[in-house]
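Chemist: Chains as they are written, first to last, in the numbering used here: chain D, 777 to 871; chain A, 8 to 506.
Don't be surprised by glycine CBs; every beta carbon is placed ideally from N, CA and C.
The structure displayed is predicted, hence computed values, not measured ones.
The structure's right below; bear with me while I get my questions together.
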């Protein structure tokens, strides 16, 4: 499967990754190669096979509706590059 | 408007008139309803509204590396209850997906949602329209996480982010595009909100943003092909939903009639200007690249679990309304007013329970609850829960009217006394001599006095029998409003020789 440059740029933008023109060229070939490699899986006939979601027979673990966490705003914002009054502070984002 | 157009409009009052003829508006709604729960959907942090910044946040909600989501079983139960209330298909197996986009108030970089396999499938809601009851289809209901909140007015160059809402459970309830007017859309949201509040699965508080709607609007010529739709995001009051639909439909009609085309886009309704405007920046973000969340196994439960939840559901508004009509002879309108809020319906039922003869006084009690009590509560801005007149007291008043111990007019005075002073209505009536005079001889005496004092009027009433009202008024006045009006009428007719 061939990935063109426009697709590379679109994927990069969606992933918020900045790429140079040179990198875009290289990524075209790399992404195409990855997709071709994965494409081989479609050689296997999977008609009527349910997608596998677990290797051991366990079910989704559930929690009861009890407040057990929170009240640690200082820890939550501890790693933030910028914070004030326990808010995260980020470059202005407004519609 | 020509004759045919007038006839068409009469046939379908929902059509909007344009320069090139009539247009039909097609509306579908995606309602986001915050699930009533103590803790969040996938973490143990509190869902309480209005905490200090980032106080109700766990490391899961802040998307710290290595944190894993664990589902809150009550949120699952609430979604199932809601599905049952919407008479919908409950899916015993559903899957959580990641919806990928970047925004500062979404620390994970994706929202955990349900895309291909939602927990609830097709259902319906019945709404009242001018043309009678109408069914609006529900396409699906799924569970998802709410995002955090960005505050933009604290600093000229920075936005402030609070993650207290991040990870709170939402139910997204998607309707079929079955609505044909702003009124129908408003009726749908109102009814949905009522059902959620009865079920106790969402408090429906639109001011706090706990219930909000994305409104899809398109227009077409009646019976023609569907037009391109626009989505108006995050409308947070029922009034604004109506306004947004009206202006958006008009905007689309004007564009098409001027020879333009509608771009499929996301728009915002600005209540200040009363207009919708494009949110262009949202367009690219629509490529969400959904895929199953590898941190979560499929959500599975058995039919017995669903049946158990179904047993615990309360009587829903439609059923309650039908019962009020059947058992107490209420009009569909009055019954609808009483069931619109569960607290009102509960109050009315408490009144009924306190009556000696509900079959006789039920309808009367409903009138007093709706007209006098609700009217007064509205005027004072008091909630029914804080009503100064208890259900037992209101039943007391209704009993006194029903048994003809007091007249309707005196009952209004009694209502005022109970409202402002409290007390047992029957005791008040006794103590203050408010009882209706049904003693015929006393009424006869008053009638005779009025007749004797007004010979001119007696002559007139013989020529014009409708003048009897004047006599009734005089006798009532003489009795201080306590005479039984029916008895007064009968005795007057007899004495004046009127049939």
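With a 10 Å radius around its C-beta and 16 neighbouring C-beta atoms as the bar for buried, classify residue 162 of chain A as buried or exposed.
Modeler: Exposed, by the Cβ-count rule.
Chemist: Mind checking who residue 239 of chain A pairs with in its DSSP beta bridge?
Modeler: By DSSP's assignment, residue 239 of chain A forms a beta bridge with A/222, A/274.
Chemist: Spatial neighbours of residue 451 of chain A within its chain, please: C-beta separation below 6 Å, excluding the five flanking residues on both sides.
Modeler: Closer than 6 Å at Cβ, skipping near neighbours: 498.
Chemist: Near residue 59 of chain A, what residues of its chain come up, given a Cβ to Cβ distance below 6 Å and the 5 sequence neighbours on each side ignored?
Modeler: none
Chemist: At a CB-CB cut-off below 7 Å, which residues of chain D make contact with residue 78 of chain A?
Modeler: 836, 838, 839
Chemist: Quick one: what does DSSP say residue 305 of chain A is sitting in, helix, strand or coil?
Modeler: coil
Chemist: When burial is assigned at 16 or more other CB atoms within 10 Å of the CB, is residue 172 of chain A buried or exposed?
Modeler: buried
Chemist: Would the beta-carbon of residue 108 of chain A fall within 8 Å of that of residue 340 of chain A?
Modeler: Residue 340 of chain A sits away from residue 108 of chain A, with the two beta carbons spaced by 8 Å or more.
Chemist: Between A/73, A/87, A/69, which has its C-alpha nearest residue 309 of chain A's C-alpha?
Modeler: The option with the nearest alpha carbon to residue 309 of chain A is A/87.
Chemist: Please identify, using Cβ separations under 7 Å, the residues of the region 58 to 86 of chain A that lie next to chain D, in order along the chain.
Modeler: 59, 60, 61, 62, 63, 64, 65, 69, 77, 78, 79, 80, 81
Chemist: Could you work out which residue in A/144, A/349, A/301 is closest to residue 121 of chain A when comparing CA atoms only?
Modeler: A/301
Chemist: With 9 Å as the C-beta to C-beta threshold (strictly closer), list the residues of the region 136 to 166 of chain A near chain C in chain order.
Modeler: The question asks about chain C, but that chain is absent: this structure's protein chains are D and A.
Chemist: Say yes only if the C-beta of residue 355 of chain A is nearer than 7 Å to one or more non-hydrogen atoms of the ligand GDP, and no if none qualify.
Modeler: Absence of the ligand GDP is noted for the structure shown, with no ligands found whatsoever.
Chemist: Give the interface partners of residue 99 of chain A over in chain D, defined as CB-CB distance under 9 Å, in chain order.
Modeler: Here the premise fails: no neighbours, minimum Cβ distance about 12 Å.
Chemist: Quick one: what's residue 79 of chain A bridged to in DSSP?
Modeler: D/839
Chemist: Can you list, in chain order, the residues of its chain with a C-beta nearer than 6 Å to that of residue 354 of chain A? Leave out the 5 residues immediately preceding and following it.
Modeler: 391, 398
Chemist: For residue 440 of chain A, tell me which candidate among A/125, A/456, A/461, A/488 has the shortest Cα-Cα distance.
Modeler: A/488
Chemist: Residue 248 of chain A and residue 30 of chain A: beta carbons closer than 8 Å?
Modeler: Contact flag unset, no.
Chemist: From residue 8 of chain A to residue 22 of chain A, what distance separates their C-alpha atoms?
Modeler: With a pLDDT of 49 at residue 8 of chain A, under the threshold of 50, the predicted position of this residue should be treated as unreliable, though the coordinate-derived value follows. Each residue's Cα considered, the two are about 13 Å apart.
Chemist: With a threshold of 8 Å on Cβ separation, who are the neighbours of residue 407 of chain A within its own chain once the five nearest residues in sequence on each side are excluded?
Modeler: These residues qualify, in order along the chain: 413, 418, 421, 432, 433, 436.
Chemist: Of all the residues that make up the region 100 to 127 of chain A, which are near chain D by a beta-carbon distance shorter than 8 Å?
Modeler: 107, 109, 110, 111
Chemist: In chain order, what residues of the same chain lie with their CB nearer than 8 Å to the CB of residue 94 of chain A, ignoring the 5 residues before and after it?
Modeler: 130, 131
Chemist: Could you please give the first and the last residue of the uninterrupted alpha helix (DSSP H) stretch that includes residue 864 of chain D?
Modeler: First-last for residue 864 of chain D: 863 to 867, but that is the beta strand (DSSP E), not the alpha helix (DSSP H).
Chemist: Could you tell me whether any Cβ in chain A is nearer than 8 Å to the Cβ of residue 785 of chain D?
Modeler: no
Chemist: Could you tell me which uninterrupted alpha helix (DSSP H) segments, each at least 4 residues in length, are contained entirely in the region 366 to 402 of chain A, listed from first to last along the chain?
Modeler: Uninterrupted alpha helix (DSSP H) stretches at least 4 residues long and entirely within the region 366 to 402 of chain A occur at 382 to 387, given in chain order.
Chemist: Residue 140 of chain A bridges to which residues according to DSSP?
Modeler: A/135
Chemist: Give me the residue from A/143, A/164, A/447 with the minimum Cα distance to residue 866 of chain D.
Modeler: A/164
Chemist: Within its chain, find whatever has a CB closer than 8 Å to the CB of residue 219 of chain A; leave out the 5 residues flanking it on each side and keep chain order.
Modeler: 38, 39, 213, 241, 242, 243
Chemist: So, residue 54 of chain A versus residue 62 of chain A, is the Cβ gap smaller than 8 Å?
Modeler: no
Chemist: Whole angstroms are fine: how far does the CA of residue 821 of chain D sit from the CA of residue 322 of chain A?
Modeler: 51 Å
Chemist: Are the CB atoms of residue 840 of chain D and residue 304 of chain A within a distance shorter than 8 Å?
Modeler: With respect to the 8 Å criterion, residue 304 of chain A and residue 840 of chain D are not classified as neighbours on the basis of their beta carbons.
Chemist: For residue 200 of chain A, which of A/190, A/426, A/211 has the nearest alpha-carbon?
Modeler: A/211
Chemist: Where does residue 8 of chain A sit, in a helix, a strand or coil, going by DSSP?
Modeler: A caution first: residue 8 of chain A carries a pLDDT of 49, below 50, which makes its placement in the model unreliable, though a value can still be read off. Three-state DSSP puts residue 8 of chain A in coil, outside helix and strand.
Chemist: So residue 96 of chain A and residue 128 of chain A are supposed to be a Cβ contact under 8 Å. How far apart are they, rounded?
Modeler: So it is a contact: roughly 4 Å between Cβ atoms.
Chemist: In the DSSP output, which residue or residues are listed as bridge partners for residue 24 of chain A?
Modeler: A/29
Chemist: What is the rounded straight-line gap between the Cα of residue 361 of chain A and the Cα of residue 192 of chain A?
Modeler: Whole-angstrom Cα-Cα distance: 38 Å.
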